[in-house]
Structure formats: C-alpha cells, structure tokens
Amino acid sequence: MTKPLIFITNDDGVNAKGFRQLVDVAAHYGRVVAIAPAEVQSGKSNAITMFKPLFLQKVVDEPDKQIYSLTGTPVDCAKMAFDHLLLGEKVALSLSGINHGSNAGINVLYSGTMGAAMEGSFYGCPSVGLSIDDHDADADLDGALEIAKMMIEKMLSTQFDEQVCLNVNVPKGRPEELKGVRVCRQTRGFWREEYDCRQDPRGNDYFWLQGAFCNAEP
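In my numbering, the protein residues as written are -12 to 205.
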C-alpha cells in the first residue's frame, strides 16, 4: 500500500523544535517531504521572494523523511514544494508548524505559519496550521503533538474539501490538561504596537518593534 505524501513547512526555521518534532510525528503516518526557511521568517504572512534567487539544500535524507532548507519565506517553501519538488505528485496533506506562539485572532493574517498553510490549500491540498501558545524555543510540545496526531489521523481518514485550511491553536500545558478540540470563529483583537527608538554608536536612530495583543472580547 502506498503511503500518503505529507508536506510540512513552518515559519520558525528549519531547526525549530516544533517543526522537527512535527516532521517526526507525521513520518509515522506517511512519506514526509518538508521544506522550511533557512532562517526565522515569523510575521511574513503570504510574502513571496521575487527579486533574488532561492537556494534549496537537503539537510535530512531518510526513506520516509526528507527535509530541505530554503532561503525564502514560508510561502516560498510551499510554492517550491508544489511547483517544483513535488510537481506531479498527489500530496495528501499539507501541514505548517508547530509554530512557537499563538496564531489566534488577527494573528492569522500576519502569520507566516498560516500563510504557508493557506498556500497549500490554494494548490488543492487540505491544509492545517498548528501553533502552541508558548514562545519558548524549548517549549514542552507534548500536548501540541497529541493534537497534531489527532489532526493528521482525521485529515487523512476523512474526505475534506480540497481547499480546506484549518487554523489549530493549542494552549500551553501538559496533554492531560487539554480538554479536546473545539471549532470556533476567529476572535476580535488587535496589536497595540510601539517602536522603541535607540541609537547606534554613530548616533543613528534605529527601532525595535514592541507591543502587546489586546483582546477585544474579554
């Protein structure tokens, strides 16, 4: 029996813990081909690279698991998969994540994780973006991985619309603390942003983006 082909990408970079562990989990369900940005590409939304070349490098080559690094955005990674690396193959499922940080509310519009997930659906492949509400690079992902397993099993065993794209956000915590999955609408919220102005040794101003998320539905 031919194993289903699963494509995976992310926006935290090819070495991110959430990405690597999702690849390992998905490899139990099918043949995984993953392309991730060579560097962190958070907040890149649906951005694509147009005016410089992209370099693709294989970093893991195992029978059911190949991982590539690409010098581009998350959407570049998805396009490279569907338009080049996997061209002509039937991809059963497209995954993006596991992102370190929530992509609930308006974050879905800024998110490189969700930009890549949506791109997969544009190619007629059922897609899921997975995120955990924990920005720690060494976050405990056991709970998110249990949800990921459930989603992979469900997506591979159910006839979904080819252009479905799901945004799955998992709270921080142990697997036994999770109460299940609920379908909900996107919440209303926004970022209250500010720029921290600093000076370099030559006296030139530079800026760091700072801010806090404001829930409009407390």
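The C-beta atom is built at its ideal place from N, Cα and C for all residues, glycine as well.
Simplified DSSP assignment, three categories, for residue i
i, result
"residue 202", "strand"
"residue 126", "coil"
"residue 43", "strand"
"residue 146", "coil"
"residue 176", "strand"
"residue 162", "helix"
"residue 35", "coil"
"residue 181", "strand"
Residue(s) in a DSSP beta bridge with residue i
i, result
"residue 97", "The partner list for residue 97 (beta bridge, DSSP) is empty, contrary to what the question assumes."
"residue 9", "DSSP, once it has assigned bridges, lists no residue as partnering residue 9."
"residue 156", "118"
"residue 53", "20 and 48"
"residue 186", "192"
"residue -6", "20 and 81"
Span separating the alpha-carbon of residue i from that of residue j
i, j, result
"residue 114", "residue 179", "30 angstroms"
"residue 27", "residue -1", "5 angstroms"
"residue 181", "residue 197", "5 angstroms"
"residue 2", "residue 159", "21 angstroms"
"residue 231", "residue 92", "Here the chain comprises residues numbered -12 to 205, so residue 231 is not present and cannot be evaluated."
"residue 71", "residue 87", "28 angstroms"
"residue 49", "residue 187", "46 angstroms"
Proximity below 8 angstroms, CB of residue i to CB of residue j
i, j, result
"residue 126", "residue 116", "no"
"residue 69", "residue 110", "yes"
"residue 83", "residue 145", "no"
"residue 54", "residue 85", "no"
"residue -7", "residue 74", "no"
"residue 60", "residue 23", "no"
"residue 132", "residue 20", "no"
"residue 62", "residue 154", "no"
"residue 29", "residue 99", "yes"
Any non-hydrogen atom of the ligand PLP within 7 angstroms of residue i CB
i, result
"residue 45", "The ligand PLP is not part of this structure, which contains no ligands at all."
Checklist line | Minimum length 4: unbroken alpha helix (DSSP H) runs contained in the segment 56 to 97 | finding: 61 to 67 and 94 to 97
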